[in-house]
Structure formats: C-alpha cells, structure tokens
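**Student:** Protein chains in written order, with full-length UniProt numbering: chain A, 1 to 208; chain B, 1 to 119.
All residues carry an ideal CB built from backbone N, CA and C; glycine is no exception.
Below you'll find the structure I mean.
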C-alpha cells in the first residue's frame, strides 16, 4: 500500500507500467475490440488453471513409466496433445532429459519464449536481461546462484528458444523415492526444475 | 469483427497455432554437418542471436519447415524455411572463458542463417 497512500495522507498514482496497462485495456474494451469478461477469463486461466502443476504431473509420470518417457522424448507434442496440454505458446514442444552425464537448462535470449501450455506463465527472472544474457555465457555461475551446483564432469546444455520450439527439462528423479505414487512424485517437481535452473526437490522421507 | 467471448477463451488458448509448412524443397543441411552462422544484420525483426554470428556449429536436429518470423513480423508473408537445431560449444561462442569446455548451447536456426563449412 506504500505506493498508493503516502504517510501524509495523499495518494500516489500507481506505477507507470500499471497505468499503461490499464490505459491500453480500457481502450481495447471501450472500442469494442476486447470483451472485459473474456479478458478476465484469460487472467483466470493463467492464474488458476494452467500452470507448473500440469508439467509436474507429466514429469512424475515419465519417472515411473519408461514407455511414457520414451514417447515424450520421441514425440513431445503428440504426447502432450493426448493430455490436452497444447495450445498458445506450446504448439511445438521438445523434452530434454537430465542424466548423470548431462544437465539441461532453458532460456530465450531474444525475449521470453516459454511453454505456457504446459508450465503456465514464466517467472519474472526468466524474462530478465540478466538471466537471458548470462546463462548462455556462464551457465554454471548462474545455476550456482540458484543454489544448483552441477558437477564439473557433467556437461551443461543450454537451450536457446529462438524459434517456435519450446523446451522442457525432465529433471532427474530424486533418490529414495521408489515407493512414492505419481501424485507424491509430482510434488517434488518444482517449476524451476523443468526450466533446468534447479534440481527436483529432494524427498524429505529419504534416508539421509 | 466478431468478439471472442469469455466461454470461447479456454478453447482458443488450447488451440495451437501450427507454424510448420509443407516442405517444397529438400533441406540443405543434414544432421551432423558443420555449419557457420552468417553475419546477418537485418534492419528489423530477426531470430538470429548476435552472439552466434560467425560461429561454427553442428546440425543437431532438423525440425522441419517453419514460417520465417523475419518476414512474417513485417507483414511480408510466411516464406517458410527449413529450421534446424544447431549445437555450439561455449568455447566456440565465447572464446576463452572460465567455464567447462564441454558445455554447449543449442540454438534453433532457419536455413538462411547458415552456410556449410567448406574445408
């Protein structure tokens, strides 16, 4: 509220970007180019209905079903289509798998391309020039800043989404999770692990 | 113009745009082939990242034929081209650096961004 009401009781205008968005939105609605309730629906869909939980469910299933993982890697978009997870920013999707030899990480150096149809909207840092410019130049340092230390003998592959192909990382399954259900495993698939900036969340029930 | 209604939004969002087009010419490059990125500096939209210009990479994958954004963005038509994924080493892209020599960057590139490496 600091931005709205000052301590002397006067109100401050909202930030410039918020005002600009409001102005554009009002114009579109008033000129009859966009229906307000359709706009609300778009916001609701990306806030509540399409998001990283969708991707996490896919990854968890890939961990327990080898044939499903093979299909994901072979034909990502066909497999997602069967699950109803295609659409805007998700017409062409390639899955890349982390292994003992390879760690994958995804970026869009040109803008902020991201698999919306499977992971929802990108996090703010994914769109930041700092991440976009540095992760191709010094991926290990950037990953370390996320708390992700990749052993030096492991190859890092950075995928720069310059075209219409969207990339999703299949993180390595955490140890000690053999007895978990797909739903329990999905809880360990954090959003960043599907971008490649973090590992899947360690399982707390695992023997130390 | 018919307005998109609220009850049509979800289906619209779930309907993918197909950016692929039928191949009318065979691809110029094959998987495993060495290519060099052209030093193109078009006035306007491009999907060619500056850091890859002039660098040598290897064709990792042929994606198929895709609409060309460099013309599409300016209303000059789709002009579809073969699209490839090209693998570069960090050393090739950035020279001496304190990273790992085995690390790589994979970039999607349209055919007109690339030339074959001639020995």
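Rounded to whole angstroms, what is the Cα-Cα separation between residue 137 of chain A and residue 97 of chain B?
**Tutor:** Indexing the first chain from 1 puts residue 137 of chain A at position 137. Indexing the second chain from 1 puts residue 97 of chain B at position 97. So the two alpha carbons sit approximately 8 angstroms from each other.
**Student:** What ranges does the alpha helix (DSSP H) occupy inside the region 106 to 156 of chain A, keeping only unbroken runs of at least 4 residues that lie completely in it?
**Tutor:** Segments of the alpha helix (DSSP H) lying fully in the region 106 to 156 of chain A: 116 to 119, 124 to 127, 129 to 137 and 139 to 145.
**Student:** Return the chain-ordered list of same chain residues with a C-beta closer than 6 angstroms to the C-beta of residue 53 of chain B, the five sequence neighbours on each side being excluded.
**Tutor:** By 1-based counting over the second chain, the position of residue 53 of chain B is 53. Same-chain partners within the cutoff: 37 and 39.
**Student:** Report buried or exposed for residue 65 of chain A, applying the criterion of at least 16 other Cβ atoms within 10 angstroms of its Cβ.
**Tutor:** As a first step, residue 65 of chain A is located in the first chain; it is residue number 65 there, counting from the start. Exposed is the call here.
**Student:** Once the 5 residues before and after residue 134 of chain A are set aside, which same chain residues still bring their CB inside 7 angstroms of it?
**Tutor:** The residue labelled residue 134 of chain A in the question sits at position 134 within the first chain. Only 142 meet the Cβ criterion.
**Student:** Where does residue 25 of chain A sit, in a helix, a strand or coil, going by DSSP?
**Tutor:** For the purposes of this step, residue 25 of chain A is taken as residue 25 along the first chain, with counting starting at 1. Looking at residue 25 of chain A - three-state DSSP - the assignment turns out to be helix.
**Student:** Strictly by DSSP, which residues pair up with residue 116 of chain B?
**Tutor:** Counting from 1 along the second chain, the entry for residue 116 of chain B is found at position 116. For residue 116 of chain B, which the question treats as bridged, DSSP gives the partners B:35.
**Student:** Mapping DSSP to helix, strand and coil, what is residue 87 of chain B?
**Tutor:** The sequence position of residue 87 of chain B within the second chain is 87, counting from 1. Three-state DSSP puts residue 87 of chain B in a strand.
**Student:** Measure how close the beta-carbons of residue 201 of chain A and residue 188 of chain A come, nearest whole angstrom, since I'm counting them as under 8 angstroms.
**Tutor:** Position 201 of the first chain, counted from the start, is the residue given in the question as residue 201 of chain A. Position 188 of the first chain, counted from the start, is the residue given in the question as residue 188 of chain A. That belief holds up - the Cβ atoms of residue 201 of chain A and residue 188 of chain A are roughly 4 angstroms apart, short of 8 angstroms.
**Student:** Suppose you measure from the CA of residue 182 of chain A to the CA of residue 76 of chain B; what does that come to, to the nearest Å?
**Tutor:** Indexing the first chain from 1 puts residue 182 of chain A at position 182. Indexing the second chain from 1 puts residue 76 of chain B at position 76. Whole-angstrom Cα-Cα distance: 48 angstroms.
**Student:** On the three-state DSSP scale, how would you describe residue 42 of chain A?
**Tutor:** Within the first chain, the letter at position 42 stands for residue 42 of chain A. Note: residue 42 of chain A maps to helix in three-state DSSP.
**Student:** Report yes if the C-beta distance between residue 86 of chain A and residue 117 of chain A is below 8 angstroms; otherwise report no.
**Tutor:** Translated into positions along the first chain, residue 86 of chain A becomes position 86. Translated into positions along the first chain, residue 117 of chain A becomes position 117. Cβ distance < 8 angstroms, so residue 86 of chain A and residue 117 of chain A count as in contact.
**Student:** Here's the rule I'm using: 16 or more other beta-carbon atoms within 10 Å means buried, otherwise exposed. How should residue 83 of chain A be labelled?
**Tutor:** As a working mapping, residue 83 of chain A is identified with position 83 in the first chain. By the neighbour-count rule (16 or more Cβ atoms within 10 Å), residue 83 of chain A is not buried but exposed.
**Student:** How would you call residue 100 of chain B, buried or exposed, if buried means at least 16 neighbouring beta carbons within 10 angstroms?
**Tutor:** To locate residue 100 of chain B, count along the second chain from 1; it is residue 100. With 16 or more other Cβ atoms within 10 Å, it is buried.
**Student:** At a CB-CB cut-off below 7 angstroms, which residues of chain B make contact with residue 164 of chain A?
**Tutor:** Counting from one through the first chain, the residue named residue 164 of chain A turns up at place 164. Residues of chain B passing the Cβ test: 19 and 66.
**Student:** In chain order, what are the residue ranges of uninterrupted alpha helix (DSSP H) at least 4 long that sit wholly in the region 47 to 90 of chain A?
**Tutor:** Correct list: 52 to 64, 66 to 74 and 76 to 82.
**Student:** Would DSSP call residue 7 of chain B helix, strand or coil?
**Tutor:** Along the second chain, one-based indexing puts residue 7 of chain B at 7. It is helical.
**Student:** Expressed to the nearest angstrom, what Euclidean distance is found between the alpha-carbon atoms of residue 25 of chain B and residue 22 of chain A?
**Tutor:** If you number the second chain from 1, residue 25 of chain B lands on position 25. If you number the first chain from 1, residue 22 of chain A lands on position 22. Taking the straight line joining both Cα atoms gives about 47 angstroms.
**Student:** With a threshold of 8 angstroms between beta-carbons, can residue 4 of chain B be considered close to chain A, or not?
**Tutor:** Within the second chain, numbered from 1, the residue matching residue 4 of chain B stands at position 4. Residue 4 of chain B counts as touching chain A.
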